[in-house]
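Chemist:
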Amino acid sequence: MTIEQKLADAKHLCDQRGARLTPARELVFKLLANSDGSIGAYDLLQELQKVDPKAKPPTIYRALEFLMEQGFVHKVESENAFVMCNHFHDHHPAQLLICDTCGDIQEIDSTKIEAKIDEVAAEYEFSVIHPTIELHGCCKKCSKED
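Using full-length UniProt numbering, the first residue of the sequence shown is number 1, and each one after it goes up by one.
(1) Give me the Cα-Cα distance between residue 83 and residue 125, rounded to the nearest whole angstrom.
(2) For the alpha helix (DSSP H) that residue 82 lies in, which residues bound it at each end?
(3) Could you tell me the alpha carbon to alpha carbon distance between residue 46 and residue 109, rounded to whole angstroms?
(4) By DSSP's criteria, residue 106 is part of a beta bridge. Which residues make up the other side?
(5) Are residue 94 and residue 133 touching if we call contact CB-CB under 8 Å?
(6) Please return the same chain residues whose Cβ sits closer than 6 Å to the Cβ of residue 11, not counting the five positions on each side in sequence.
(7) Cα separation between residue 6 and residue 123?
(8) Identify which residue in 111, 23, 3 and 92 has its Cα closest to the Cα of residue 69.
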């Protein structure tokens, strides 16, 4: 899917939800969609300042918060960075495969993993609030290079 298609989908979803994809939010969305892998907030700010020199950290953080609330972006907790969601038509917990060699991040959507987490949490009478899953390892490409 092209960046333009992702942006059109995001705009459509925002319209349906009554949310505003402001110009600043749209710029941050495009920057994330253009990045390979994850990108930190201050790296995003540097990129944004190339377009809008007056941009400040709160601009980025507010935009990221909105984009996460809408399900367009996931926070990569272990890297304190952000990555574009591959399927943002429904809200879902992030399930990420992170290559520690090249930094590639693949998003997976496994209902089996979600179901098992729910099952184990219920067994322990535990309420899961933030079910982000980050699996670190080595991708197929990097494994072949070793």
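The C-beta atom is built at its ideal place from N, Cα and C for all residues, glycine as well.
Modeler: Concretely, from the data shown:
(1) Straight-line measurement puts the Cα of residue 125 at about 32 Å from the Cα of residue 83.
(2) Taken as a continuous stretch (DSSP letters only), residue 82 belongs to no alpha helix (DSSP H), being part of the beta strand (DSSP E) at 81 to 84.
(3) For residue 46 and residue 109, the distance between alpha carbons rounds to 31 Å.
(4) Partner residues in the beta bridge of residue 106, as assigned by DSSP, are 97.
(5) Yes. Within cutoff.
(6) Result list for residue 11: 21, in chain order.
(7) Taking the Cα positions, residue 6 is about 39 Å away from residue 123.
(8) It is 92 whose Cα lies nearest to the Cα of residue 69.
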